[in-house]
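So the structure is just underneath, and the comments pick up after that.
Chains as they are written, first to last, in UniProt numbering: chain A, 1 to 159; chain B, 1 to 451.
Below is the structure:
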């Protein structure tokens, strides 16, 4: 989806978000912001990050959706229904406590879990692609339990 | 290049020259290496004939074999001296005694007094290097070969070839110095790294990158028989297994799967590549025939079946699977079926690779931290070789005596202190070394000795 106008805040977010399909640098984490942030283009990546929450987090070596994850995905599904032309990519990510190859598969599991839940809420599967980065795109660059928890996620980005 | 070869030893050398050279330099016009046997000063029969090893090295930790390596001269000669010395010393099996003289007839009495078991003599003149290997105790020449080469790019390779001959004549098994390692070069922030496919000599020299870094690449795997590397590329955000032809620089997709294809590994004959493909919450193992492109599904457990690796005879495949809960190692028939579990220790097991010697399977064990170990194919005799914050991606050198692997340190806040490098270690667990690379590095894959 191409964006024609951006406010200053949205532009800053989008600069970091547009790289290639990888928005993690721009995000505000679980982004459970309920109030609408002004200055962002409705239906944009910045809108998703600021007003909906672009990512959900997983327990260690698991693709189980927690209640927090489900509520974020509930908001994502509502948002996707509001903007029916928006296509998204869900990327599964892992902490670095597994091997590279296993984590590609585990990240795929997580992306599919998020995708399947969105589809169960009525979002067309045609609008969602999935990808797994394994342990190659850690949001948090450190190595401790807090960082691991941040890095076990499925992140939705506008394509 | 037309080798003038008469004896069997030199035949072995000439066999590995042609494919290797065309691969290394692609279209670049680089002169070939010519190997010719040198007769002994004493004209004894049996020169250069492959025979019994001078020294038997078993799996135990041995006292390094003292061997005299003299200066091969200045310029190219100095490079050759250094490369041979490093090759032999890095094995941990030799202790090189340097010497200034490289006269035709060594002073055996003085070298014997120094404890040297063997003496090398040699010199370099223009594009020609001569070397002889002598038994210090008997004063007999074990090997003598002259190499002609053109271009400084081939100097290191000639030195590695000489090192391989010394290694083989002394130990009775093929050396691994004239080999390369494919790996992933990493730069940039840890959270969004630039990763490029790269190839270097086994000792880290002559490293070059093969992709531009626009898309993430992972897990390169050298073909055992040809100048190709199978690897995973995220090109166009569709992560899949590709084949990279080192000679032409061209890439092609391997297999046509709707899921993510990953964890490629060649069959021992180089004709097919086995890999994982995601499906639902799991990953299945497939084999793709390179010539026809046909694919065959080998597992369908619904769990994550990944990191498949053939036995050296191609009859079996070891892989990791979480079908029983935690990831463990399983062996199945190469046609699929008959999978049985072989790992039973605490924690999880991953990333198995079968030794070219057949006798052990190397693996990553995650139990608290990461460690690298080996076990027999029946699951017995597990030994841990090394530990680290992250140690993974083990790969055997062609004779199975040494493993290269990826070693990563833990990062502090903001990624500070993070490092990723390639190390080598003997299958005995001794002699751990770092391989110097121009950038951070991961995912090593050792070439065979005949590519």
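All C-beta atoms in this analysis are idealised placements derived from N, C-alpha and C, irrespective of residue type, glycine included. Every value quoted in this text rests on a predicted model; they were computed, and no experiment measured them.
Residue 87(B) versus residue 74(B) - alpha carbon distance:
19 Å
Residue 81(A) classed as buried or exposed, judged by whether at least 16 other C-beta atoms fall within 10 angstroms
exposed
Quick one: is residue 413(B) buried, meaning 16 or more other Cβ sit within 10 Å of its Cβ, or exposed?
exposed
Taking the straight line between their C-alpha atoms, what separation do you get for residue 191(B) and residue 62(A)?
21 Å
Do we get a CB-CB distance below 8 Å when we pair residue 328(B) with the residues of chain A?
no
Along the UniProt region "Disordered" (134–159) of chain A, what residues have a CB closer than 7 Å to any CB found in chain B?
136, 137, 138, 139, 141, 142, 143
Using a Cβ cut-off of 7 Å, pull out every chain A residue sitting near residue 262(B), in sequence order please.
101, 104
For the region 154–170 of chain B, which residues have a beta carbon sitting closer than 7 Å to at least one beta carbon of chain A?
none
Could you give the distance in angstroms between the alpha-carbon of residue 29(A) and the alpha-carbon of residue 64(A)?
Caution applies to residue 29(A), whose pLDDT of 45 falls short of 50 and renders its modelled position unreliable; the value that the coordinates give is listed next. Using only the alpha carbons, I get a separation of about 19 Å.
Pop quiz: residue 153(A) and residue 55(A) are said to be a contact at Cβ under 8 Å. What is the actual Cβ separation, rounded to whole angstroms?
5 Å
Mind listing, in chain order, the continuous alpha helix (DSSP H) runs of no fewer than 4 residues lying wholly within the UniProt domain "TolB N-terminal" (54–142) of chain B?
76–90, 108–114
Residue 65(A) in three-state terms, based on DSSP
coil
Given this structure, state the Cα-to-Cα distance separating residue 133(A) from residue 104(A), to the nearest angstrom.
6 Å
Is residue 355(B) closer than 8 Å to residue 349(B) when the C-beta atoms are compared?
no
Report the start-end ranges of each beta strand (DSSP E) in the region 224–278 of chain B that is 3 residues or longer and not cut off at the edges.
228–233, 240–245, 251–253, 261–266
Considering residue 156(B), what are the terminal residues of the alpha helix (DSSP H) in which it resides?
155–171
Could you tell me whether any Cβ in chain A is nearer than 8 Å to the Cβ of residue 190(B)?
yes
Within 8 Å, strictly: CB atoms of residue 453(B) and residue 136(B):
In this structure chain B extends from 1 to 451, so residue 453(B) is not present and cannot be described.
Check residue 104(A) in the structure and name its three-state DSSP category.
helix
Quick one: give me the first and last residue of the alpha helix (DSSP H) that residue 147(A) is part of.
145–151
Should residue 42(A) go down as buried or exposed, given a rule of 16 or more other Cβ atoms within 10 Å for buried?
exposed
Taking any Cβ of chain A, which residues in the region 233–253 of chain B have a Cβ under 9 Å from it, in chain order?
234, 237, 238, 239
Through-space distance from residue 298(B) to residue 335(B), alpha-carbon basis
6 Å
Residue 295(B), buried or exposed, once every other Cβ within 10 Å from all chains shown has been counted against 16
buried
Between which two residues does the beta strand (DSSP E) holding residue 398(B) run?
Looking at the DSSP string, residue 398(B) is not in any beta strand (DSSP E), and its letter there is neither H nor E.
Going by Cα to Cα distance, which pick from 391(B), 173(B), 439(B) is closest to residue 423(B)?
391(B)
Helix, strand or coil, according to DSSP, for residue 186(B) in the structure here?
strand
DSSP three-state label for residue 81(A), please.
helix
For residue 394(B), count the other beta carbons within 10 Å of its own beta carbon; 16 or more makes it buried, fewer makes it exposed. Which is it?
buried
Any contact of the region 201–210 of chain B with the region 80–96 of chain A, i.e. 3+ C-beta pairs under 8 Å?
no
Residue 293(B): which of 273(B), 65(B), 281(B) sits nearest, CA to CA?
273(B)
With DSSP run on the structure shown, which of helix, strand or coil describes residue 301(B)?
coil
Is the separation between the beta-carbon of residue 100(A) and that of residue 219(B) shorter than 8 Å?
yes
Using the Cα positions of residue 123(A) and residue 129(A), report the straight-line distance between them to the nearest angstrom.
12 Å
According to DSSP, is residue 421(B) helix, strand or coil?
strand
Just checking my contact of residue 402(B) with residue 435(B) at CB under 8 Å: how many whole Å lie between their CB atoms?
With 8 Å as the limit, residue 402(B) and residue 435(B) do not qualify as a contact, their Cβ atoms being about 11 Å apart.
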